[in-house]
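Heads up, the thing below is written out as C-alpha cells.
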Ligand code: CTP
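Numbering (this note's numbering), first residue to last: 439 to 854.
Structure representation (C-alpha cells):
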C-alpha cells in the first residue's frame, strides 16, 4: 500500500453559482472566493432579488468574470442553454423557499431557473430560510420533488437566523458548502438519501489525558475525518450523533447533534450512551490507549527534579471499539479506523487485517499515517476492509470522499 503523499489539487472545473434572494447571500461571497482559489471557473447567476442583497460588482470582482443576470442579454449566445450545458456543477445558495418552489415546478422565466432546466451535471441546492418556511408542507413537498429527480438539496444548519430568531434553516458554513460541492465534482452520486431513517453515532478528534491542570497526553488527530463522516451521513438522510474530542477549530456540521468530550473515559461514556439504538457506530476518533495513573490536582513544578530521567506511570484506557462490539445489538454495524505506519512486522495493510480480526468490528478503514498522511490534512486515502474478506482501495481525495465510500458500504450492509 502506498503512503499518502502530497495531494494533487482537483482539476479546475466549470461551476455555475446561482444566488437566491436571501440575506444569507453575503455568506456566499466566501463560498465563491474559496471556489475560485481552488482554480475553478465560476459563473455567477444572481436572481434580481439577490442583487438587492449583494450587488453585481461584488460577484464580478470575486469571480473575475461578468455576472449573468438576464435572459435577454447576449441573446445570440443563448446563455440560458449554454451555461447549463457547459457546467460541471450547478450550485445554488442561498436557495430560498421561492427558488425551491420555482425549481420544483420547472419554471424558466429567469436565467437561473432556465439554467437549472438545461443542466445535466450534478445540481446542489443549499437552502436558507426561516424555520416556518422550511417546515411548511409546501416546501417539504418541493424538496421531495427535487430530490426524487436527483437534485441534491442540502440539509440546512440550526442556529441564529435573521433577526432574533433561532432554529433550523440557517445556511451551512461556507467551508461545508464548498466541501459538498467538491465532493459532488469528484463523485456525482456521493449523496443519495440512503441513510434516511437511520441513526448513526460517530466519534471524532483526539482524546487528551491530563497529567496536571496544564499538561496532557494527546495525539495529532484534528477530527476532520470524523466531521466529514458526520456531514456526509447527515446529507444522506441520517440522524447523526457526533461525539467529538478537542475539535474546537471545526464548525458543527449542518443537521448534526454534537457531544463534546475530553478524555477517553468521557468518550466511552458518551459513545456507549448514544450507541444502544443506533444502526451504525463509527469510531473515527484517535483514543488515547494510556492515561497517567495519578494526574496531579495542581501544576507539577520542576523544582525537586534532578538531571535523571523522570518516569511517568500510565494505566491502560478502556478499548471503546472492543466494548461496542461486545455490547452491540445484532443488527448494529460497527466500523473502526486503524492508523498504521507499517514496521518490521508487516506493512500497513497487514497490520490492518490483524486489527480487524482483533477488534471484531464489521468494517475497518485503514489509513497510512506519518509522512503527511491522514492527520491534520484535508485529504485521505486508505483501504476499507470487511469481516467478509472485502478489501477495497479508497482513492485519494477529500475526507468527505472517503466518508462517502464508507457510507456506501454501511448502507449496503444495512440494506441486507
Ligand atoms: N479505539 C478505541 N478505544 C481505544 C483505542 C482505540 O475505541 N482505547 C478505536 C479507535 O477509535 C479506532 C480503533 O480502535 O477505531 C483502532 O485504533 P488504533 O489506535 O489504530 O488501534 P489500537 O487499538 O490503539 O492499537 P495500536 O495503537 O496498538 O495499533
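Think of the CB as a built atom: it goes at the ideal place given N, C-alpha and C, for glycine as much as any other residue.
Start-to-end residues for the beta strand (DSSP E) that takes in residue i
i, result
"residue 695", "694-699"
"residue 713", "Unbroken run through residue 713: none, as it is neither H nor E."
"residue 838", "Segment 837-853 is the alpha helix (DSSP H) holding residue 838; no beta strand (DSSP E) there."
"residue 522", "Note, residue 522: premise wrong, no beta strand (DSSP E); alpha helix (DSSP H) at 517-524."
"residue 537", "Premise fails: residue 537 lies in the alpha helix (DSSP H), 535-542, not in any beta strand (DSSP E)."
"residue 752", "752-754"
"residue 514", "Element bounds for residue 514: n/a, residue is neither H nor E."
"residue 392", "This structure does not reach residue 392, given that the chain is present from 439 up to 854, and the question cannot be answered."
"residue 730", "728-730"
"residue 561", "561-565"
Residue range of the alpha helix (DSSP H) that includes residue i
i, result
"residue 472", "463-475"
9 Å Cβ cutoff met for residue i and residue j
i, j, result
"residue 618", "residue 590", "yes"
"residue 467", "residue 505", "no"
"residue 534", "residue 458", "yes"
"residue 712", "residue 670", "no"
"residue 593", "residue 630", "no"
"residue 667", "residue 499", "no"
"residue 778", "residue 793", "yes"
"residue 525", "residue 615", "no"
"residue 647", "residue 756", "no"
"residue 568", "residue 607", "yes"
"residue 628", "residue 839", "yes"
"residue 852", "residue 843", "no"
Residue i in three-state terms, based on DSSP
i, result
"residue 648", "strand"
"residue 828", "coil"
"residue 769", "coil"
"residue 451", "coil"
"residue 654", "strand"
"residue 440", "Only weak support is given to the placement of residue 440: the predicted model assigns it a pLDDT of 36, under 50, and the value that follows is read from those uncertain coordinates. DSSP places residue 440 in coil when its eight states are reduced to three."
"residue 738", "coil"
"residue 579", "helix"
"residue 789", "helix"
"residue 491", "helix"
"residue 794", "helix"
"residue 570", "helix"
"residue 719", "strand"
"residue 556", "helix"
"residue 501", "helix"
"residue 384", "The displayed coordinates of the chain run from 439 to 854. Any statement about residue 384 would go beyond what the structure contains."
"residue 392", "Lying outside 439 to 854, the shown extent of the chain, residue 392 is not represented and no answer is given."
"residue 486", "coil"
"residue 783", "coil"
"residue 481", "strand"
Whole-number beta carbon distance between residue j and residue i, since they are thought to touch under 8 Å
i, j, result
"residue 528", "residue 553", "7 Å"
"residue 485", "residue 548", "6 Å"
"residue 774", "residue 705", "In fact, because the Cβ distance is near 14 Å, the residues do not count as touching under 8 Å."
"residue 820", "residue 723", "That belief does not hold up - the Cβ atoms of residue 820 and residue 723 are roughly 16 Å apart, past 8 Å."
"residue 531", "residue 638", "Contact flag wrong, Cβ pair sits at about 26 Å."
"residue 739", "residue 609", "That pair is no contact at about 50 Å."
"residue 772", "residue 787", "At roughly 20 Å, the Cβ-Cβ gap does not stay under 8 Å, so residue 772 and residue 787 are not in contact."
"residue 760", "residue 790", "About 16 Å separates the two Cβ atoms, so there is no contact after all."
"residue 877", "residue 804", "Residue 877 lies beyond the residue range present for the chain, which begins at 439 and ends at 854; the question has no answer from this structure."
Open item on the list: To test your reading of the DSSP string, which unbroken alpha helix (DSSP H) runs of 4 or more residues are found completely within the region 598-680?
Closed with: Runs of the alpha helix (DSSP H) lying entirely within the region 598-680, each at least 4 residues long, are 612-624 and 662-673 in chain order.
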